[in-house]
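The numbering of the sequence shown is UniProt numbering, which starts it at 1 and goes up by one.
Each residue gets a CB set at the ideal place from its N, CA and C atoms; glycine is no exception.
The structure presented is a predicted model; accordingly, all values stated were derived computationally and were not measured.
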Amino acid sequence: MALTGKIEENEWSVRVQTIPATDGQFCGEIHVSHRTQNGEFTHAFRNHETFPTEREAVLAGLREGAVWIELKRSEAFQVKKAVDMP
């Protein structure tokens with residue numbers, strides 16, 4: 001059974017779903033999105049570590065996603081669209 005969690009504000013959201021990790025623990029699949037002047041930006045990634053319980057994985061994923069949104073919105077980094085290679 002997978003746990004899910006979601007936090008939302010006016011312009012952004014973070015959604016996490018737990019998945020089994022290869023080491024027998026759990027990690028979170030994190031989906032972030034926020035609206036910009038250029039439209040909606042979305043990104044998905046997994047927790048950088050695994051956790052013994054799904055509860056810990058979903059809470060860590062929500063934290064990690066919220067930090068990611070904060071850094072992106074403060075322009076601490078920029079994410080550019082991938083260019084297809086020939």
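Determine, using beta carbons only, whether residue i and residue j come nearer to each other than 8 Å.
i: Gln25; j: Thr50; result: yes
i: Gly28; j: Ala60; result: yes
i: Val58; j: Thr22; result: no
Going along the chain, which residues of its own chain have a beta-carbon closer than 6 Å to the beta-carbon of residue i, five neighbours each way excluded?
i: Ala66; result: Val14
i: Lys6; result: Arg15
DSSP puts residue i in a beta bridge; with which residues?
i: Glu8; result: Ser13
i: Ala44; result: His31
i: Thr53; result: Its beta-bridge partners do not exist; DSSP assigns none.
i: Thr18; result: Gly28
With a threshold of 8 Å on Cβ separation, who are the neighbours of residue i within its own chain once the five nearest residues in sequence on each side are excluded?
i: Ala44; result: Glu29, Ile30, His31, Val32
i: Ala2; result: Gln17, Thr18, Ile19, Glu54
i: Pro52; result: Gln25, Phe26
Between the Cα of residue i and the Cα atoms of the options, which residue gives the shortest distance?
i: Leu62; options: Gly39, Arg73, Arg46, Ser74; result: Arg46
i: Gly39; options: Ala2, Glu11, Glu56; result: Glu11
Who are the Cβ neighbours of residue i in its own chain at under 7 Å, not counting the five residues just before and after it?
i: Glu64; result: Ile30, Asn47
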